[in-house]
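Worksheet: one structure, shown below.
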Amino acid sequence: MPITEDQLLGTKELIALEEAYGAHNYHPLDVVIERAAGAWVYDVEGKRYLDCLAAYSAVNQGHCHPRILEALVEQAKKVTLTSRAFRNAQLPLLYKELHDLTGMEMTLLMNSGAEAVETAVKAARKWGYTKKGIAAGQAEIIVCAGNFHGRTVTVVSFSSDEQYREGFGPFTPGFRIIPFGDAKALRAAITPNTCAFLVEPIQGEAGIVIPPDGFLREAAAICREKRVLLMVDEIQSGLGRTGKLFAYMHEGIRPDVLIIGRHWPEGITRCRRCCVEGDSGRIRAGRSRKHVWRESTGVRGGAGVAASADRRETGGAVGGAGRVFPGEIADVAQPSSERGTRAGLWIGIELTTEARKYCEALKEEGILCKETHSHIIRIAPPLVIQREEIDWAFERIRKVLE
Ligand SMILES: Cc1ncc(COP(=O)(O)O)c(C=O)c1O
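Those letters in the sequence shown? Residues 668 to 1069, per our numbering, in order.
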């Protein structure tokens, strides 16, 4: 017998239902959110919390942003889904807007971040075979230790973290792992079969790990010199999280493929340089029968509602991220913690003990954040958070960590 919403279940009952009938693939904090607005969420008991995770950057724009809601509702009344069998009136506008925003030549919309990464992998391999002349089946992609690019079989094939791989083999071959931030290792790992280097400019899941200054710049130069595509995964770091529109901009480089998502309802892969410059061209995303995207599509890719909502969302809240959270993270890193890193509105507080209990204590104080790995607290509020809210949060974070 289905349970109806008017039965008004409380926190305990809802958690019990979820545990009984939902696959245990995650370890959420025991707070059951019912509604949200801006940087705040409210649980089923009516208690208010400051969201300091922003759904891993998916709601950078804040919860229930009125302009996005308006666009969703407006579009839902017109048409929700066309599939890619037909064209729709929103998609071209979104493509153009993304081009203007990022400077990338073309966009491909996917359904999730992992799928966008998989598509980038496919595109790079195809480019390697058709443009670089790599022998069939030999293409290699270099990735970094500590990476997190999603959870599909191919993507976990190149994870260096056993927890993401255990029990899911056999894995997809063709990947080499180098230490994150090590340009020398990148150079050494490149072979004539290397088609791409896939990298997060700042590793989010690993705990907001910032590479040494100049690493991306050097990596970009090496990739160019060796004719290897630089593919930057900005799914968590992009669109303002680190204080610039994209984190790669801190190093003044341009990737060949930019992977973003989250802030949009779907993952997005973008490719720059679709035009080849003679034979030395990098990547082709043209319209010929052979183009690299040809086998990459999805029924929902570019759906009308999503495209319409996306368009309302660009121009978001980039500005604040670079200047907020005053004082060094060391300020809040009291005896229980060792060190922290910060990039704009993205903070990792590394503890000497289990982070989970601190996240639970913060929840009691009205702040929602989440551990990554066992000992790092990740703080990544919506970018619309206000100065007073930040001060409010930090008072409590200090109190809990002291
Ligand atoms: C850098 C990065 N890439 C890819 C993904 C995978 O995205 P999704 O969960 O939408 O598949 C994530 C998810 O956290 C991520 O942080």
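Built from N, CA and C at the ideal position, the CB exists for glycine as well.
Is residue i buried or exposed, if buried means 16 or more other CB atoms sit within 10 Å of its CB?
i     : result
C731  : exposed
L748  : exposed
D1058 : exposed
G1007 : buried
V899  : buried
V866  : buried
K679  : exposed
A783  : buried
V740  : exposed
W960  : Because W960 sits at a pLDDT of 43, beneath the cut-off of 50, its placement in the model cannot be relied upon, and the point is left open.
E995  : Residue confidence for E995 is low, a pLDDT of 42 falling below 50, so the modelled location carries little weight and cannot support an answer.
E1056 : buried
I1064 : buried
R939  : Note on R939: pLDDT 35, under 50, position unreliable in the model; no value is reported.
M668  : exposed
A756  : exposed
K745  : exposed
R792  : buried
A803  : exposed
L758  : buried
Q742  : buried
Y693  : exposed
E1017 : buried
A988  : Any answer about A988 is weak, because its pLDDT of 43 lies below 50 and its placement is not dependable; what the coordinates show is given next. Flag for A988 reads buried.
A674  : Note that residue 674 is Gln in the sequence shown, not Ala. It counts as exposed.
A1022 : buried
K799  : buried
D923  : buried
S826  : buried
E901  : buried
I926  : buried
E785  : buried
I869  : buried
P695  : exposed
E618  : Look at the range of the chain in this structure, 668 to 1069, and you will see that residue 618 is not part of it.
A704  : exposed
P837  : exposed
F753  : exposed
A683  : exposed
D767  : exposed
S750  : exposed
L736  : exposed
I857  : buried
Name, in chain order, the residues that DSSP records as bridge partners for residue i.
i     : result
V708  : A703 and Y716
G1035 : Rather than Gly, the amino acid found at residue 1035 in this sequence is Leu. DSSP, once it has assigned bridges, lists D718 as partnering L1035.
H730  : G705
Item to check | Every unbroken alpha helix (DSSP H) inside the segment 772 to 826 [4 residues or more] | outcome: 780 to 794 and 820 to 824
Checklist entry - Looking at C-beta atoms only, is the number of pairs between the segment 842 to 861 and the segment 873 to 883 that lie closer than 8 Å three or more? => result yes
Checklist entry - For ligand 1, which residues have a Cβ under 6 Å from at least one heavy atom, in chain order? => result Y723, S779, G780, A781, V784, F815, H816, G817, E867, G871, E872, D900, I902, Q903, G928 and G934
Item to check | Runs of alpha helix (DSSP H) lying entirely within the segment 830 to 878, each at least 4 residues, in chain order | outcome: 850 to 856
Checklist entry - Are the segment 837 to 844 and the segment 803 to 815 in contact at 8 Å, needing three or more beta carbon pairs? => result yes
Checklist entry - Looking at C-beta atoms only, is the number of pairs between the segment 890 to 904 and the segment 858 to 874 that lie closer than 8 Å three or more? => result yes
Item to check | the segment 1028 to 1043 contacting the segment 866 to 875, beta-carbon criterion three pairs below 8 Å | outcome: yes
Checklist entry - Does the segment 683 to 691 touch the segment 1008 to 1021, meaning 3 or more C-beta pairs lie closer than 8 Å? => result no
Checklist entry - Would you call the segment 718 to 731 and the segment 902 to 913 in contact, with 3 or more CB pairs under 8 Å? => result yes
Checklist entry - Quick check: the segment 705 to 716 against the segment 1021 to 1033, are there 3 or more CB pairs under 8 Å? => result yes
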